[in-house]
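K.L.:
Counted the way the working numbering counts, the sequence shown spans residues 199 to 698. Beta carbons: idealized from backbone N, C-alpha and C, even for Gly. Take a look at this one; I'll ask things after.
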Amino acid sequence: MNNDNVSSSRRNLLKGIASAGALPFVGAFAAMQAQQAMAANGATTRIASPYGPIAPVNDLTTGLPLLQLPPGFSYKSFGWRGDLMANGQPCPGGHDGMGVIQTRKVGRSTEMVLVRNHEISGSSAGNFINAFGVYDSGNVSATSSNRSCGGTTNLVFRDSDWVSMTPSLGGTQQNCAGGITPWGTWLTCEEIGSDTVSAGGKKHGYVFEVMADPQQTTGQAIVGMGRFAHEAAAVDPTDSTVYMTEDQSGKSGFYRYVPDIKRGAAGSLIMGGVLEMAKVKGVPNVNLAVASVNDTYELEWVRIADPDANRGNATGPTGQQITSAAGPFVQGWTQGALRMNRGEGIWYAQGKMYVMDTSGGLVNRGSIWELDLARQTLKCIYSSPSPTVGNMGDNLTVSPRNAILICEDASSAITDEFGYGQRLMGITAQGDSYIFAKNNVNLTQAQLQGAGKLTSLAGDGRGNEFAGACFDPTGRQLFVNIQTPGITFAISGPWAKGPL
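Right, dumping it as structure tokens:
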């Protein structure tokens, strides 16, 4: 433990305060047993999957073996990079965060609308200029790498089949993750930490709201939610407060935006609010990077007076110096706010927020924090002791049955008993991890040509990240992306065999 952490005496006190609380998704007795088991080494363990061993499964759309899945599971791919969208333009790549924002009846059919992020900056990878909402069109040629060509696409899924793909937001950069809102929209987040002004004269690093009807997306930045390397967002439905993570190695704050309008609706967040950064109560500048299971902290929040401030240096109350950090982080740090290693996925479920620190934990391979919104206590429920147990989870989601699923995104994918590739990892009620799926994209030009896809996508893509995992409200479909080459999947199967 270094001097950035809470003292052991205070940590033990905080643990005592929370010891009566159960781990998520289990009863009190099971939770007590789980806590005792995990407390022995402060880490998560990996178990055999309750869904059974995985193996390559052919895509029902293309016939290609793109995923490894448990017995009984199947999937349909859609929205590949290069596929034509509704406006006749090719779909860009960089598939990242995603969420189901609307479920509606169309005749006798049930239709869902998803919004999918595209983590792109320059136009060499795609061009969203003809999207309905455009933030920064720029004033340079369409082939310039300075053009802002990230954004979002809206996908429609009806009665277990993919229907359409429409660009909805353009002129943004590095749209990494984001989050669904209770009022049926998507918050897309730019993961930009630079103060650089684009060729179009605009700053980047903001949050934008995307509507279910792409034509209603305005492309207006919600400046009050801060300008920093945003990763993900999740909304507390009781008061519309938005909790947000920051992916800036070693300088990642944990934020919330308290809106002026408590009964949220499309467009309400841009009407005003207060940005705040989390602080451990009574202890300045705590570093949450080295996390063990059951570590618990009480939180308070400090106000960020200028959400749009430029980057700078800061010295905290204990004398700890931070250099070249985002403007909001600088303001929070000087007031004693905490930091994570790399804040990434966040998801709301039943009064709790679940937050992923991609390189947190005992060996910097990932930790998950559970924030009890009523008590404002932050508790570590997962800490990977090795890459085989958990290898730098990024996006995460919580299923309708209240179980966590993690998208791994490590620079070096794992080779385990099922071979090489990035993984989707489930978390049990006891806090153990298990392998639910693996990336199996390793395609030849002939295979791609036969499937009607771009032959330039050929190669071994098993080391590329999963992203954007989310379930439909019934829990029957799991939607997820593989960022490169850029593919979206709808996975179905016998979910009741396990916790998902």
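Quick check on the burial criterion: 16 or more other C-beta atoms within 10 angstroms. Buried or exposed for Ala-226?
P.N.:
With a pLDDT of 35 at Ala-226, under the threshold of 50, the modelled position of this residue cannot be trusted, and the question is left open.
K.L.:
Identify the continuous alpha helix (DSSP H) that holds Gln-533 and give its terminal residues.
P.N.:
Counting along the chain, Gln-533 falls outside any alpha helix (DSSP H), and DSSP gives it neither H nor E.
K.L.:
Starting from Leu-603, trace the beta strand (DSSP E) both ways and give me its first and last residue.
P.N.:
602-606
K.L.:
By Cβ distance, which residues of its chain are closer than 8 Å to Ala-503, with the 5 residues on each side in sequence left out?
P.N.:
Gln-529
K.L.:
From what residue to what residue does the beta strand (DSSP E) around Gln-266 run?
P.N.:
265-267
K.L.:
Work out the CA separation of Ala-419 and Lys-274 for me, nearest whole Å.
P.N.:
34 Å
K.L.:
Reducing DSSP to helix, strand and coil, say where Trp-693 ends up.
P.N.:
helix
K.L.:
Does the Cβ-Cβ distance between Leu-267 and Ile-252 come in under 8 Å?
P.N.:
yes
K.L.:
Using the Cβ count rule (16 or more neighbours within 10 Å means buried), how would you classify Leu-282?
P.N.:
Per the 10 Å Cβ criterion, exposed.
K.L.:
List the whole-angstrom C-beta distance separating Phe-664 from Phe-527, where the pair is believed to meet the contact cut-off of C-beta under 8 Å.
P.N.:
About 28 Å separates the two Cβ atoms, so there is no contact after all.
K.L.:
Ser-557 to Leu-698, Cα distance in whole Å?
P.N.:
24 Å
K.L.:
With a threshold of 8 Å on Cβ separation, who are the neighbours of Phe-677 within its own chain once the five nearest residues in sequence on each side are excluded?
P.N.:
Met-296, Val-298, Leu-312, Phe-355, Gly-666, Ala-667, Cys-668, Phe-669, Asp-670, Thr-686, Phe-687, Ala-688, Ile-689
K.L.:
Going by beta-carbon coordinates alone, are Ala-284 and Thr-364 separated by less than 8 Å?
P.N.:
yes
K.L.:
In the DSSP output, which residue or residues are listed as bridge partners for Thr-351?
P.N.:
Arg-314, Pro-365
K.L.:
On the DSSP letters alone, give me the boundaries of the alpha helix (DSSP H) that Ala-649 sits inside.
P.N.:
643-649
K.L.:
Would you list the one or two residues that DSSP bridges to Arg-621?
P.N.:
Lys-636
K.L.:
Give the DSSP bridge partners of Thr-301, in chain order.
P.N.:
Met-310
K.L.:
How about Gly-541 and Phe-616: are their beta carbons less than 8 Å apart?
P.N.:
no
K.L.:
Return the first residue and the last residue of the beta strand (DSSP E) that Gly-591 is part of.
P.N.:
591-596
K.L.:
Do three or more CB pairs link the stretch 603-615 to the stretch 647-656 at distances below 8 Å?
P.N.:
no
K.L.:
With which residues is Ile-544 paired in a DSSP beta bridge?
P.N.:
Val-553
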